[in-house]
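Heads up, the sequence shown is in this note's numbering, so the first residue is 39 and it goes up one at a time.
Using N, Cα and C, we set each Cβ at its ideal position, and we do this for glycine too.
Comments concern the structure below.
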Amino acid sequence: MDGTGAVIGIDLLTEAAYDERGTEQYVRVIGEETDDNLAKICVRRALERIGRNPHVDYQLTIKSQIPPSRGLKSSSSVCNAIVKAVMDAYHVDMDIMEIIKLGVECAKEAKVTVTGSFDDACGCELGGFVLTHNYENKVVKKSPFGKYDVVLCSPDYVKRKVPKEAYQAVAKEMHEIQKVAETDILKALTLNGRLIARVTGEGTELIDRALELGALAAGISGTGPAVAVVCEPGQGAEIAKGLNCPTILTETRS
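This is the structure in C-alpha coordinates:
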(Lines of atoms letter the chains of each structure in order from A and count residues from 1; the text may use other names and numbers.)
(Lines give C-alpha, C1' and ligand atoms only; values in the text may rest on other atoms or scores of the structure.)
Protein backbone atom coordinates (compact mmCIF):
# COMPACT_ATOMS: atom_id res chain seq x y z
CA MET A 1 0.00 0.00 0.00
CA ASP A 2 1.67 3.21 -1.19
CA GLY A 3 -0.77 5.73 0.27
CA THR A 4 -2.60 6.43 -2.99
CA GLY A 5 -6.31 7.11 -2.61
CA ALA A 6 -9.16 7.87 -4.99
CA VAL A 7 -12.66 9.14 -4.33
CA ILE A 8 -15.74 10.42 -6.17
CA GLY A 9 -17.69 13.24 -4.53
CA ILE A 10 -21.43 12.81 -3.96
CA ASP A 11 -24.17 15.30 -3.11
CA LEU A 12 -24.83 14.61 0.59
CA LEU A 13 -24.53 17.50 3.02
CA THR A 14 -22.93 17.92 6.44
CA GLU A 15 -23.52 21.23 8.21
CA ALA A 16 -22.00 22.62 11.39
CA ALA A 17 -22.78 25.78 13.34
CA TYR A 18 -20.48 27.13 16.06
CA ASP A 19 -20.91 29.95 18.55
CA GLU A 20 -19.48 30.84 21.94
CA ARG A 21 -22.28 30.64 24.45
CA GLY A 22 -23.35 28.58 27.43
CA THR A 23 -21.26 27.30 30.31
CA GLU A 24 -19.70 24.21 28.75
CA GLN A 25 -18.29 22.82 25.53
CA TYR A 26 -21.50 21.31 24.17
CA VAL A 27 -21.88 19.27 20.99
CA ARG A 28 -25.42 18.82 19.66
CA VAL A 29 -25.98 16.31 16.88
CA ILE A 30 -29.12 16.29 14.76
CA GLY A 31 -29.65 12.79 13.34
CA GLU A 32 -27.34 9.83 13.91
CA GLU A 33 -24.67 10.15 16.57
CA THR A 34 -21.29 11.66 15.75
CA ASP A 35 -18.15 11.12 17.82
CA ASP A 36 -18.07 13.95 20.40
CA ASN A 37 -14.34 13.46 20.86
CA LEU A 38 -13.68 14.03 17.15
CA ALA A 39 -15.92 17.12 17.12
CA LYS A 40 -14.21 18.67 20.14
CA ILE A 41 -10.76 17.98 18.73
CA CYS A 42 -11.77 19.75 15.51
CA VAL A 43 -12.95 22.81 17.46
CA ARG A 44 -9.84 22.89 19.64
CA ARG A 45 -7.43 22.54 16.73
CA ALA A 46 -9.28 25.19 14.73
CA LEU A 47 -9.22 27.64 17.68
CA GLU A 48 -5.54 26.98 18.23
CA ARG A 49 -4.80 27.57 14.55
CA ILE A 50 -6.28 31.07 14.66
CA GLY A 51 -4.82 31.96 18.06
CA ARG A 52 -8.05 31.75 20.07
CA ASN A 53 -8.59 30.26 23.53
CA PRO A 54 -9.24 26.53 23.00
CA HIS A 55 -10.84 26.23 26.46
CA VAL A 56 -13.68 28.67 25.75
CA ASP A 57 -17.27 27.50 26.26
CA TYR A 58 -19.24 26.98 23.05
CA GLN A 59 -22.16 25.27 21.41
CA LEU A 60 -21.54 23.23 18.27
CA THR A 61 -24.44 21.86 16.26
CA ILE A 62 -23.85 19.18 13.63
CA LYS A 63 -26.35 17.96 11.07
CA SER A 64 -25.35 15.38 8.50
CA GLN A 65 -27.08 13.37 5.79
CA ILE A 66 -24.27 10.79 5.92
CA PRO A 67 -24.72 7.76 8.21
CA PRO A 68 -21.59 7.27 10.35
CA SER A 69 -19.37 4.18 10.47
CA ARG A 70 -20.59 2.79 7.15
CA GLY A 71 -17.58 3.67 4.99
CA LEU A 72 -19.31 6.76 3.57
CA LYS A 73 -16.71 9.29 4.79
CA SER A 74 -18.86 10.87 7.48
CA SER A 75 -15.84 11.68 9.68
CA SER A 76 -14.05 13.55 6.90
CA SER A 77 -17.19 15.49 6.09
CA VAL A 78 -17.74 16.36 9.75
CA CYS A 79 -14.15 17.56 10.19
CA ASN A 80 -14.39 19.83 7.15
CA ALA A 81 -17.72 21.26 8.31
CA ILE A 82 -16.57 21.97 11.87
CA VAL A 83 -13.32 23.67 10.88
CA LYS A 84 -15.21 25.86 8.38
CA ALA A 85 -17.84 26.71 11.01
CA VAL A 86 -15.19 27.91 13.47
CA MET A 87 -13.46 29.96 10.79
CA ASP A 88 -16.78 31.51 9.76
CA ALA A 89 -17.61 32.39 13.37
CA TYR A 90 -14.41 34.43 13.64
CA HIS A 91 -14.55 35.75 10.07
CA VAL A 92 -11.26 34.04 9.21
CA ASP A 93 -10.64 33.35 5.52
CA MET A 94 -8.64 30.12 5.29
CA ASP A 95 -7.65 28.40 2.05
CA ILE A 96 -9.80 25.34 1.44
CA MET A 97 -6.81 23.01 1.20
CA GLU A 98 -5.58 24.25 4.58
CA ILE A 99 -9.03 23.55 6.04
CA ILE A 100 -8.90 20.02 4.61
CA LYS A 101 -5.39 19.39 5.96
CA LEU A 102 -6.35 20.66 9.41
CA GLY A 103 -9.35 18.33 9.42
CA VAL A 104 -7.07 15.45 8.45
CA GLU A 105 -4.85 16.17 11.47
CA CYS A 106 -7.95 16.20 13.69
CA ALA A 107 -9.02 12.80 12.37
CA LYS A 108 -5.56 11.39 13.05
CA GLU A 109 -5.58 12.73 16.61
CA ALA A 110 -9.03 11.24 17.22
CA LYS A 111 -7.74 7.91 15.82
CA VAL A 112 -10.70 7.50 13.49
CA THR A 113 -8.18 6.94 10.70
CA VAL A 114 -4.52 6.02 10.39
CA THR A 115 -3.67 8.04 7.28
CA GLY A 116 -6.02 10.94 8.02
CA SER A 117 -8.08 10.03 4.94
CA PHE A 118 -6.87 13.00 2.92
CA ASP A 119 -8.51 11.51 -0.18
CA ASP A 120 -11.88 11.30 1.56
CA ALA A 121 -11.62 14.85 2.90
CA CYS A 122 -10.80 16.16 -0.57
CA GLY A 123 -13.68 14.24 -2.14
CA CYS A 124 -16.12 15.61 0.43
CA GLU A 125 -15.02 19.20 -0.13
CA LEU A 126 -13.87 19.39 -3.74
CA GLY A 127 -16.24 16.96 -5.50
CA GLY A 128 -15.48 15.33 -8.83
CA PHE A 129 -12.87 12.59 -9.14
CA VAL A 130 -9.87 13.11 -6.85
CA LEU A 131 -6.67 11.07 -6.81
CA THR A 132 -4.36 11.74 -3.87
CA HIS A 133 -1.21 10.66 -2.11
CA ASN A 134 -2.38 10.43 1.49
CA TYR A 135 1.01 10.20 3.16
CA GLU A 136 2.02 13.51 1.59
CA ASN A 137 -1.41 15.22 1.74
CA LYS A 138 -1.03 15.86 -1.97
CA VAL A 139 -3.69 16.02 -4.71
CA VAL A 140 -2.30 14.10 -7.69
CA LYS A 141 -5.32 14.61 -9.97
CA LYS A 142 -8.64 16.46 -9.76
CA SER A 143 -11.11 16.22 -12.61
CA PRO A 144 -14.87 16.61 -13.19
CA PHE A 145 -16.78 13.35 -13.08
CA GLY A 146 -20.10 14.24 -14.64
CA LYS A 147 -23.63 13.83 -13.28
CA TYR A 148 -24.76 10.32 -12.37
CA ASP A 149 -27.34 8.94 -9.99
CA VAL A 150 -25.87 7.28 -6.92
CA VAL A 151 -27.66 4.72 -4.75
CA LEU A 152 -26.12 4.02 -1.35
CA CYS A 153 -27.09 0.77 0.31
CA SER A 154 -26.50 1.59 3.98
CA PRO A 155 -27.05 -1.39 6.31
CA ASP A 156 -28.11 -0.92 9.91
CA TYR A 157 -24.85 -2.30 11.28
CA VAL A 158 -21.51 -0.50 11.47
CA LYS A 159 -18.24 -1.51 9.86
CA ARG A 160 -16.22 -4.35 11.29
CA LYS A 161 -12.63 -3.88 12.41
CA VAL A 162 -10.25 -5.44 9.90
CA PRO A 163 -6.51 -5.77 10.66
CA LYS A 164 -4.23 -3.55 8.58
CA GLU A 165 -2.37 -6.67 7.52
CA ALA A 166 -5.44 -7.86 5.63
CA TYR A 167 -5.22 -4.82 3.35
CA GLN A 168 -1.46 -5.10 3.04
CA ALA A 169 -1.92 -8.66 1.78
CA VAL A 170 -3.81 -7.38 -1.28
CA ALA A 171 -1.57 -4.36 -1.95
CA LYS A 172 -0.52 -5.69 -5.35
CA GLU A 173 -4.14 -6.06 -6.47
CA MET A 174 -4.93 -2.56 -5.22
CA HIS A 175 -2.03 -1.21 -7.24
CA GLU A 176 -3.41 -2.85 -10.38
CA ILE A 177 -6.81 -1.29 -9.71
CA GLN A 178 -5.14 2.12 -9.40
CA LYS A 179 -3.81 1.66 -12.92
CA VAL A 180 -7.33 0.87 -14.15
CA ALA A 181 -8.64 4.05 -12.50
CA GLU A 182 -6.39 6.14 -14.72
CA THR A 183 -8.52 5.25 -17.75
CA ASP A 184 -11.79 3.76 -16.42
CA ILE A 185 -12.96 5.10 -13.06
CA LEU A 186 -16.23 3.17 -13.01
CA LYS A 187 -14.55 -0.17 -13.72
CA ALA A 188 -12.02 0.56 -10.99
CA LEU A 189 -14.84 1.34 -8.55
CA THR A 190 -16.38 -2.08 -9.09
CA LEU A 191 -13.06 -3.92 -8.97
CA ASN A 192 -12.05 -2.14 -5.78
CA GLY A 193 -15.47 -2.73 -4.24
CA ARG A 194 -15.23 -6.47 -4.85
CA LEU A 195 -11.70 -6.58 -3.45
CA ILE A 196 -12.70 -4.74 -0.28
CA ALA A 197 -15.69 -7.08 0.11
CA ARG A 198 -13.30 -10.00 0.05
CA VAL A 199 -10.94 -8.41 2.57
CA THR A 200 -13.70 -7.38 5.00
CA GLY A 201 -15.81 -10.49 4.65
CA GLU A 202 -18.80 -8.65 3.21
CA GLY A 203 -20.85 -10.42 0.58
CA THR A 204 -21.00 -9.33 -3.06
CA GLU A 205 -24.71 -10.03 -3.55
CA LEU A 206 -25.67 -6.34 -3.58
CA ILE A 207 -22.89 -5.56 -6.04
CA ASP A 208 -24.00 -8.36 -8.35
CA ARG A 209 -27.67 -7.41 -8.10
CA ALA A 210 -26.99 -3.73 -8.84
CA LEU A 211 -25.04 -4.61 -11.97
CA GLU A 212 -27.78 -7.01 -13.10
CA LEU A 213 -30.28 -4.16 -12.74
CA GLY A 214 -28.23 -1.97 -15.08
CA ALA A 215 -25.89 -0.03 -12.78
CA LEU A 216 -22.70 1.31 -14.36
CA ALA A 217 -20.62 0.40 -11.31
CA ALA A 218 -21.10 -0.92 -7.78
CA GLY A 219 -18.81 -1.69 -4.88
CA ILE A 220 -18.12 -1.41 -1.18
CA SER A 221 -17.66 2.24 -0.21
CA GLY A 222 -14.45 2.85 1.70
CA THR A 223 -14.05 -0.08 4.07
CA GLY A 224 -17.78 -0.74 4.16
CA PRO A 225 -20.23 -2.03 4.91
CA ALA A 226 -22.17 0.44 2.70
CA VAL A 227 -22.32 -0.28 -1.03
CA ALA A 228 -22.18 2.57 -3.56
CA VAL A 229 -24.01 2.11 -6.85
CA VAL A 230 -23.47 4.48 -9.79
CA CYS A 231 -26.25 4.67 -12.40
CA GLU A 232 -27.19 6.63 -15.46
CA PRO A 233 -29.09 9.85 -14.62
CA GLY A 234 -32.74 9.06 -13.91
CA GLN A 235 -32.19 5.35 -13.23
CA GLY A 236 -31.23 5.49 -9.58
CA ALA A 237 -34.72 5.32 -8.10
CA GLU A 238 -35.69 2.30 -10.19
CA ILE A 239 -32.49 0.42 -9.38
CA ALA A 240 -32.90 1.25 -5.69
CA LYS A 241 -36.29 -0.48 -5.71
CA GLY A 242 -34.65 -3.70 -6.84
CA LEU A 243 -32.06 -3.74 -4.06
CA ASN A 244 -33.12 -5.37 -0.82
CA CYS A 245 -31.44 -2.88 1.49
CA PRO A 246 -32.01 0.52 3.16
CA THR A 247 -31.07 3.02 0.46
CA ILE A 248 -30.11 6.67 0.14
CA LEU A 249 -30.58 8.20 -3.31
CA THR A 250 -28.24 11.01 -4.32
CA GLU A 251 -25.98 11.97 -7.23
CA THR A 252 -22.37 12.70 -8.02
CA ARG A 253 -21.05 16.19 -7.42
CA SER A 254 -18.53 17.75 -9.79
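Check	Outcome
What do you get for residue 221, buried or exposed, if any count of 16 or more other CB atoms within 10 angstroms of its CB means buried?	exposed
Output the distance between the C-alpha atoms of residue 107 and residue 261, rounded to the nearest integer angstrom.	9 Å
Between residue 227 and residue 210, what straight-line distance do the alpha-carbon atoms span, to the nearest angstrom?	16 Å
Rounded to a whole number of angstroms, what is the C-alpha to C-alpha distance between residue 217 and residue 90?	45 Å
If you scan the segment 87-145 from start to end, which runs of the alpha helix (DSSP H) of 4 or more residues do you find wholly inside it?	112-127
For the beta strand (DSSP E) containing residue 63, name the first residue and the last one.	63-68
How long is the line joining the alpha carbons of residue 114 and residue 252, rounded to whole angstroms?	30 Å
I believe residue 45 touches residue 187 by the beta-carbon criterion, under 8 Å. Please report the beta-carbon distance rounded to the nearest angstrom.	Contact flag wrong, Cβ pair sits at about 18 Å.
Which value, in whole angstroms, describes the spacing of the CA atoms of residue 173 and residue 127?	31 Å
Just grab the DSSP bridge partners of residue 42 for me.	171
So residue 277 packs on residue 267, CB below 8 Å; how close in whole Å?	6 Å
Considering only their Cβ atoms, is the gap separating residue 191 from residue 269 smaller than 9 Å?	no
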